[in-house]
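S.K.: Sharing a structure below in structure tokens format, with a few things to ask.
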Amino acid sequence: MQPVLTDLIPALPEIFLAVAAMLLLMLGVFRGNGGARLVSGLAVVALVVTGVLLLRQDGYDVAFSGLYITDSFAVFSKLLILLGTGLSLIIAQNFIAREDMDRFEFPVLMVLATVGMMMMVSANDLLSLYVGLELQSLSLYVIASFRRDSAKSTEAGLKYFVLGALSSGMLLYGISLIYGFAGTTNFITIAQVLQAGPAPLGVIVGLVFVAAGLAFKISAVPFHMWTPDVYEGAPTPVSAFFAVAPKVAAICLFIRVLEGPFGSLLPQWRQVIEFCSVASMLVGSLAAIRQSNIKRLMAYSSIANIGYALVGVAAGTADGVQAVLIYMAIYLVMTVGTFAIIIAMRQKGKAVEEIADLAGLSKTNPMLALALAIFMFSMAGVPPAAGFFGKLLVFMAAWKAGLYPLSIIMALTSGISLFYYLKVCKVSWFDDVKEPLDRPSAGLSWVVTATALVVFPVALVIGTPVLNSAAAAAASLFH
1 MQPVLTDLIP ALPEIFLAVA AMLLLMLGVF RGNGGARLVS GLAVVALVVT GVLLLRQDGY
61 DVAFSGLYIT DSFAVFSKLL ILLGTGLSLI IAQNFIARED MDRFEFPVLM VLATVGMMMM
121 VSANDLLSLY VGLELQSLSL YVIASFRRDS AKSTEAGLKY FVLGALSSGM LLYGISLIYG
181 FAGTTNFITI AQVLQAGPAP LGVIVGLVFV AAGLAFKISA VPFHMWTPDV YEGAPTPVSA
241 FFAVAPKVAA ICLFIRVLEG PFGSLLPQWR QVIEFCSVAS MLVGSLAAIR QSNIKRLMAY
301 SSIANIGYAL VGVAAGTADG VQAVLIYMAI YLVMTVGTFA IIIAMRQKGK AVEEIADLAG
361 LSKTNPMLAL ALAIFMFSMA GVPPAAGFFG KLLVFMAAWK AGLYPLSIIM ALTSGISLFY
421 YLKVCKVSWF DDVKEPLDRP SAGLSWVVTA TALVVFPVAL VIGTPVLNSA AAAAASLFH
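Mind the numbering: the sequence shown is residues 1 to 479 in UniProt numbering, read in order.
Below you can see the structure in the form of structure tokens.
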């Protein structure tokens with residue numbers, strides 16, 4: 001009995017959330033679609049309880065014969081994932097009711113995707129990595145096309161599914177090459193094999209394929225093709241969810257794979273990460289300039305933001321990992337806040353998505369316009385908003401690691417991004433009102449207010465404990 005408990009206790013948060021998802025599914029079936037709001041509320045409660053269970057975990061533990069690992073890095077990553085999912089569920093409530101998407105499967109799928117994400121960041125084997133990734137992906141394919149009566153939503157789901165299947169194939173091919181040349185799929189054993197002598201060429205080729213498969217999940221260039229179309233076509237709360245929780249999970253998984261078993265191959269994989277980082281920053285920043293749809297603008301913005309995060313990954317140091325974790329935490333909060341405002345964009349009850357529809361927002365709803373300005377300035381990296389400190393930490397980690405060209409490109413593309421972020425502020429503050437937006441719901445207003453306060457000025461107060469937690473998470477990865 002004792003060995004079974006030894007395996008189950010470290011994975012208790014995931015087990016609880018998986019059981020909660022099954023119970024919520026049963027509840028939804030018996031209550032019918034009328035119980036969708038109840039299921040959503042209970043899903044948020046389940047996420048909170050899972051977060052409490054996570055906070056009770058401490059130290060380093062390996063379970064399920066080395067397939068699963070829990071450490072400070074996993075706990076920090078999972079808390080961000082749970083926060084992203086919980087906020088996405090809260091801001092989705094009124095939207096899904098208005099748009100006739102009020103079905104209980106929606107929150108259940110989001111919870112199941114979250115279980116997959118949590119499994120991903122605790123993976124200690126290439127096979128458990130793949131199982132977690134697929135559990136997340138299968139749920140996301142359905143969520144993307146959840147609005148079945150919309151051609152755009154169906155197209156978004158199909159594009160994501162087809163390209164996702166391609167990336168899964170690349171990932172599996174990479175895993176098979178690594179297994180063939182290293183003789184194992186376990187992260188700890190792979191690290192020992194690579195430290196014992198020169199890395200076989202097959203392992204390096206396999207790692208490139210694995211990196212390509214994971215780059216799709218974070219929508220890094222050149223694997224970003226699906227992002228603008230899926231963000232635009234999917235229902236707005238789904239786009240918000242896609243922009244936060246799966247991105248955080250995938251970048252944390254990327255860090256665990258590269259810095260853990262393949263840490264000794266830093267010179268080899270750094271070249272791939274540098275290319276993806278530079279390409280993402282340039283494509284994301286330049287393509288966003290031409291966008292008139294705010295959801296497409298946010299899609300290209302997310303590509304550029306992933307480019308900035310990859311700068312920290314390329315550093316290959318504990319400082320770099322700490323900077324990425326802080327950056328992703330800030331990115332999560334300001335992205336959820338921005339999407340809450342996008343969900344609130346309604347004229348006479350109809351959802352609108354064009355940047356021009358924000359015209360004169362400061363005259364009709366000055367607090368919403370102020371919150372939007374805070375988020376835009378934070379994303380652009382203007383001090384003293386939290387986004388500035390996130391970019392500064394990444395920049396300093398890269399500079400310290402000697403990645404001078406990468407650091408300079410990061411600074412230049414941040415400057416370019418000012419143009420399209422300030423364009424949104426200009427429209428909302430200085431253009432004349434054409435058609436006023438409806439008043440947002442109380443739930444959306446609370447989320448917008450809370451996230452805006454966290455971005456500025458609360459971030460200045462809570463910065464130190466979060467920095468310390470991220471430092472401990474990064475240190476656990478390099479123990």
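Where is the CB? At the ideal position from N, CA and C, for every residue including glycine.
1) With 16 as the cutoff for other CB atoms within 10 Å, does R147 come out buried or exposed?
2) Could you give the first and the last residue of the continuous beta strand (DSSP E) run that contains Y68?
3) Quick one, are the C-beta atoms of G312 and L266 less than 7 Å apart?
4) Check the C-beta distance from A191 over to G84 and give it rounded, since I have them as a contact under 8 Å.
5) Could you name the residues of the same chain whose beta carbon sits closer than 6 Å to that of S137, not counting the 5 residues immediately before and after it, in chain order?
6) Starting from V230, follow the alpha helix (DSSP H) in both directions and report where the run begins and ends.
7) Are the segment 319-339 and the segment 467-475 in contact at 8 Å, needing three or more beta carbon pairs?
8) Output yes or no for whether 7 Å exceeds the beta carbon distance between A74 and V121.
9) Contact defined as beta carbons within less than 8 Å: I believe F262 pairs with L194. What is the distance between those atoms, to the nearest angstrom?
10) Are the CB atoms of A63 and P107 within a distance shorter than 7 Å?
11) Nearest-angstrom Cα distance between T227 and L140?
12) Looking only at C-alpha atoms, which of A450, M225, K400 and L361 sits nearest to I303?
13) Measuring CB to CB, does A250 end up less than 7 Å from I273?
14) Hey, would you say F187 sits closer than 7 Å to N124, going by beta carbons?
15) S417 and S285 - do their beta-carbons sit closer together than 7 Å?
16) If you reduce the DSSP assignment to three classes, tell me which class E435 lands in.
17) Among the candidates K423, V203 and G174, whose CA atom is the shortest distance from the CA of A288?
18) Check whether the segment 341-348 and the segment 435-453 are in contact - that is, three or more C-beta pairs closer than 8 Å.
19) Excluding sequence positions up to five away, which residues of its chain have a Cβ less than 8 Å from the Cβ of A395?
20) When you compare each of G402, L27, I69 and V162 to E105 by their alpha carbons, which one comes out closest?
21) Inspect the beta-carbon positions of F95 and P237 and report whether they are closer than 7 Å.
22) In whole angstroms, what is the alpha-carbon distance linking S428 and R346?
23) For V352, name the three-state secondary structure that DSSP assigns.
24) Taking the C-alpha atoms as reference points, what is the distance between A401 and L53?
25) What does the alpha-carbon distance come out to for the pair L214 and S167?
26) Mind checking whether A431 and A359 have CB atoms under 7 Å apart?
27) Taking all protein chains shown into account, decide if Q271 is buried (16 or more other Cβ within 10 angstroms of its Cβ) or exposed.
28) Give the secondary structure of P10 by DSSP, where H, G and I count as helix, E and B as strand, and everything else as coil.
29) Where K363 and R37 are concerned, what is the direct C-alpha to C-alpha distance, given to the nearest angstrom?
30) Just to confirm my understanding: we take P465, look at its own chain, exclude 5 residues before and 5 after, and list those with CB closer than 7 Å. What are they?
31) For a test of the three-state rule: what should DSSP assign to R56, helix, strand or coil?
32) N124 by DSSP, collapsed to three states: which one?
33) Identify every residue that forms a DSSP beta bridge with Q347.
34) Just to confirm my understanding: we take residue 520, look at its own chain, exclude 5 residues before and 5 after, and list those with CB closer than 6 Å. What are they?
35) Leaving out five residues before and five after Q268 in sequence, what residues of the same chain have Cβ atoms less than 6 Å from its Cβ?
M.R.: Well, looking at it:
1) buried
2) Y68 -> beta strand (DSSP E) spans Y68 to T70.
3) no
4) Wrong, their Cβ atoms sit about 30 Å apart, outside the cutoff.
5) G164
6) Residues W226 to G233.
7) Proximity of the segment 319-339 to the segment 467-475 meets the contact definition, three or more beta-carbon pairs being nearer than 8 Å.
8) yes
9) 7 Å
10) no
11) 13 Å
12) M225
13) No.
14) The answer is yes: Cβ separation under 7 Å.
15) yes
16) Collapsing the DSSP output to three states places E435 in coil.
17) K423
18) yes
19) Reading off the sequence shown, one finds Phe at residue 395, where the question assumed Ala. Excluding sequence neighbours, F395 sits near V311, S407, M410 and A411.
20) Comparing Cα-Cα distances from E105 to each of G402, L27, I69 and V162, the minimum goes to L27.
21) yes
22) 14 Å
23) coil
24) Roughly 36 Å between the two C-alpha positions.
25) 8 Å
26) Position check: residue 431 holds Asp in this sequence, whereas Ala was assumed. Result yes, Cβ atoms of D431 and A359 sit closer than 7 Å.
27) exposed
28) coil
29) Roughly 33 Å between the two C-alpha positions.
30) none
31) coil
32) Three-state DSSP puts N124 in coil, outside helix and strand.
33) K350
34) As shown, the chain starts at 1 and ends at 479. That puts residue 520 outside it, with no answer to give.
35) I204
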